[in-house]
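Enquirer: Input: one structure, supplied below.
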Amino acid sequence: MLARTLPLQHVLSGVAIASGVATLFLIGSNLRFVPLVIGATASAAYYGTSTAEDRRTWLEKKTAELDRAYTERIESLESDFKLRIQIWEQEKQDLLSSIAQREGSIVQRQEELAQAREADYQLLRQQQEQLRSDYD
């Protein structure tokens with residue numbers, strides 16, 4: 028049926044284009060884009076051997092698949108982002124709590140040092156008074 032609808036040169040040109048694209052991708056990408064190359068090859072071959080109605084149907088199907096894939100990826104990223112925000116908020120609260128505890132212990136230590144300093148001054152004054160009374 029395809030032989031009746033398309034001349035052989037269209038089929039061969041589609042395959043040649045697909046092979047060229049695939050070769051360029053394989054050479055330049057270090058085999059990282061093999062699925063893309065396979066998809067591009069299949070797409071080009073299909074495009075070269077299909078009717079306009081088949082291409083439109085295929086394009087609509089692929090567009091819907093891509094939309095679904097992008098929607099799923101976006102939802103996944105949003106979920107991941109929300110989870111990271113929750114983790115960061117928890118870490119922030121932990122840090123704020125730790126800072127508050129440290130500030131509290133610093134204030135307490137400063138108060139203890141002030142009391143100790145005051146006690147030392149009192150002792151020093153008593154000793155001075157004692158020395159004055161001893162010399163008088």
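Basically our numbering = 1-based index in the sequence shown + 27.
Where is the CB? At the ideal position from N, CA and C, for every residue including glycine.
Bear in mind the structure is a predicted one, so any value in this text is a computation, not a measurement.
1) What separation, rounded to the nearest whole angstrom, lies between the Cα atoms of Asp81 and Ala91?
2) Please classify Asp107: does DSSP put it in a helix, a strand, or coil?
3) Can you look up Asp147 in the DSSP assignment and give me helix, strand or coil?
4) Helix, strand or coil: which one does DSSP assign to Asp163?
5) Between Glu116 and Asp107, what straight-line distance do the alpha-carbon atoms span, to the nearest angstrom?
6) Could you give the distance in angstroms between the alpha-carbon of Met28 and the alpha-carbon of Arg95?
Expert: Taking the coordinates as given:
1) Within the sequence shown, the letter at position 54 stands for residue 81. Within the sequence shown, the letter at position 64 stands for residue 91. Approximately 15 Å, taken between the alpha carbons.
2) Indexing the sequence shown from 1 puts residue 107 at position 80. Here Asp107 sits in helix by DSSP.
3) Taking the sequence shown and counting its residues from 1, one reaches residue 147 at position 120. Of the three classes helix, strand and coil, the one that applies to Asp147 here is helix, per DSSP.
4) Taking the first residue of the sequence shown as position 1, residue 163 is located at position 136. Correct three-state label for Asp163: coil.
5) Counting from one through the sequence shown, the residue named residue 116 turns up at place 89. Counting from one through the sequence shown, the residue named residue 107 turns up at place 80. For Glu116 and Asp107, the distance between alpha carbons rounds to 14 Å.
6) Taking the first residue of the sequence shown as position 1, residue 28 is located at position 1. Taking the first residue of the sequence shown as position 1, residue 95 is located at position 68. Low confidence applies to Met28: its pLDDT is 47, below 50, so where it sits in the model is not reliable, and the reading given next is rough at best. Distance between the alpha carbons of Met28 and Arg95: 33 Å.
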